[in-house]
């Protein structure tokens with residue numbers, strides 16, 4: 003892995019606005035990092051080198067003319083379940099997929115904020131596993147340890163950000179697909195409410211379970227990307243009121259009341275928290291208490307969340323399998339899960 007890391011999202015946006023660096027320079031460096039690390043990390047499914055450089059040149063012209071937008075000229079990545087005009091959306095599957103004609107709403111909003119999308123990151127088939135590997139592209143590796151997965155299903159985005167290939171990236175999350183990779187690669191991952199970041203051209207993804215979210219190395223960076231990507235398509239069924247995540251990130255939170263919950267929420271199947279994981283969570287709780295926060299162990303009433311989650315997830319998967327242009331190429335595990 004290269005030691006030349008991108009700066010954070012906030013820092014990069016500020017440097018571009020101040021004229022300290024050009025977008026083309028940043029995108030060239032980003033593409034060089036991706037090329038150097040792709041063989042070891044395998045974070046990207048698609049790299050938009052030529053298109054990204056053209057978009058960087060256009061951003062530099064705007065910057066020189068005095069135009070300022072939140073992410074003008076900043077290179078970012080998106081997960082390969084989001085439509086990027088001119089590129090295929092394989093969602094982790096094998097086969098030759100046709101390029102889509104329009105950006106998905108989340109990507110459209112990133113572009114409206116000025117971002118340069120340098121590529122689409124790897125994900126397991128239809129985002130169904132907590133790891134990022136499959137017959138379509140092999141295995142994505144964790145930048146902290148090549149012997150480990152970065153988690154999933156947004157593991158490609160997490161690996162790209164954690165390795166410093168890009169300042170931040172979009173992922174998607176139904177049952178932890180942003181939060182698991184964030185945890186396993188030392189990132190900040192946000193799964194917002196439904197509709198905060200549009201999933202259009204799907205009004206709901208996986209029966210409303212899955213939403214788009216952000217991965218970054220700091221809270222401020224994750225908040226800035228959330229603000230830039232947030233908003234709705236006219237036909238979105240979920241339309242939460244606007245918010246200022248960056249402003250919230252800048253506020254002093256004061257002393258917090260924090261619940262320490264050690265019981266897994268998915269009660270449809272037996273689950274046991276691994277001792278090593280439990281020890282680290284307790285260690286963090288103790289550190290938070292030492293900082294002056296109130297930490298109390300709690301047993302949230304999860305109810306039948308597992309029983310309601312499983313049918314929605316499997317129906318959503320079956321819908322995706324039914325739409326797949328090359329069902330014979332799907333991983334056996336995918337076909338088995340869809341039959342549930």
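Numbering (the working numbering), first residue to last: 3 to 342.
Where a beta carbon is used, it is the ideal one built from N, C-alpha and C, also for glycine.
On a predicted model such as this, the values are computed, not experimentally measured, just so you know.
Start-to-end residues for the beta strand (DSSP E) that takes in residue i
i, result
"residue 262", "259-263"
"residue 121", "118-123"
"residue 199", "Neither: residue 199 is in no beta strand (DSSP E) and is coded neither H nor E."
"residue 346", "With the chain covering only 3 through 342, there is no way to say anything about residue 346."
"residue 192", "190-192"
"residue 47", "46-49"
"residue 215", "213-218"
"residue 175", "170-175"
"residue 77", "77-81"
"residue 102", "Residue 102 -> no beta strand (DSSP E), and no H or E assigned at all."
"residue 86", "No beta strand (DSSP E) holds residue 86; DSSP gives it neither H nor E."
"residue 273", "Taken as a continuous stretch (DSSP letters only), residue 273 belongs to no beta strand (DSSP E), as it is neither H nor E."
"residue 296", "296-300"
Residues of its chain near residue i, where Cβ-Cβ distance is below 8 Å and the 5 sequence neighbours each way are ignored
i, result
"residue 241", "197, 234"
"residue 328", "95, 96, 97"
"residue 2", "Residue 2 lies beyond the residue range present for the chain, which begins at 3 and ends at 342; the question has no answer from this structure."
"residue 301", "263, 265"
"residue 76", "11, 14, 15, 18, 25, 28, 116, 117, 118, 169"
"residue 21", "65"
"residue 137", "96, 331, 333"
"residue 377", "Nothing can be reported for residue 377: it is not among the residues displayed for the chain, which extend from 3 to 342."
"residue 59", "25, 26"
Residue i, enclosing alpha helix (DSSP H) - first and last residue
i, result
"residue 247", "247-252"
"residue 229", "221-231"
"residue 182", "181-186"
"residue 332", "Run containing residue 332: none; DSSP gives neither H nor E here."
"residue 16", "11-19"
"residue 316", "307-325"
"residue 39", "25-43"
"residue 107", "107-114"
"residue 160", "157-164"
Nearest neighbour of residue i, chosen from the options [CA to CA]
i, options, result
"residue 104", "113, 92, 93, 87", "87"
"residue 293", "260, 310, 277, 313", "260"
"residue 24", "341, 232, 74, 89", "74"
"residue 30", "41, 57, 13, 324", "57"
"residue 254", "52, 295, 245, 173", "295"
"residue 245", "177, 228, 264, 339", "228"
"residue 334", "215, 128, 76, 69", "128"
"residue 125", "148, 276, 93", "93"
"residue 236", "322, 199, 49, 15", "199"
"residue 172", "138, 113, 139, 137", "113"
"residue 163", "191, 175, 177", "191"
"residue 15", "41, 223, 68, 66", "223"
"residue 148", "186, 282, 341", "186"
"residue 247", "258, 256, 257, 226", "226"
"residue 344", "90, 311, 282", "Because the chain is modelled from 3 through 342, residue 344 falls outside the range shown and cannot be assessed."
"residue 326", "285, 314, 340", "340"
Beta-carbon proximity list for residue i, same chain, < 6 Å, skipping 5 on both sides
i, result
"residue 183", "152, 153, 156, 157, 160"
"residue 72", "115, 230"
"residue 331", "96, 97"
"residue 135", "141"
"residue 166", "7, 8"
"residue 342", "316"
"residue 258", "295"
Close-in-space but distant-in-sequence residues of the same chain around residue i (CB under 7 Å, 5 per side omitted)
i, result
"residue 203", "85, 106"
"residue 206", "239"
"residue 64", "74"
"residue 150", "144"
"residue 108", "84, 172, 199, 200, 214, 231"
"residue 404", "Because the chain is modelled from 3 through 342, residue 404 falls outside the range shown and cannot be assessed."
"residue 62", "24, 25, 26, 75"
"residue 179", "129, 154, 155, 156, 173"
"residue 290", "260, 297"
"residue 181", "175, 191, 193"
Expected contact under 8 Å - CB spacing of residue i and residue j to nearest Å
i, j, result
"residue 188", "residue 131", "That pair is no contact at about 21 Å."
"residue 218", "residue 11", "6 Å"
"residue 168", "residue 79", "5 Å"
"residue 54", "residue 33", "7 Å"
- the region 116-126 in contact with the region 36-53 per 3-pair CB rule at 8 Å: Taking a contact to require three or more Cβ pairs closer than 8 Å, the region 116-126 and the region 36-53 qualify as touching.
- Query: Per the contact definition of three or more C-beta pairs closer than 8 Å, is the region 199-216 in contact with the region 304-319?
  - Reply: Result yes; three or more Cβ-Cβ pairs closer than 8 Å.
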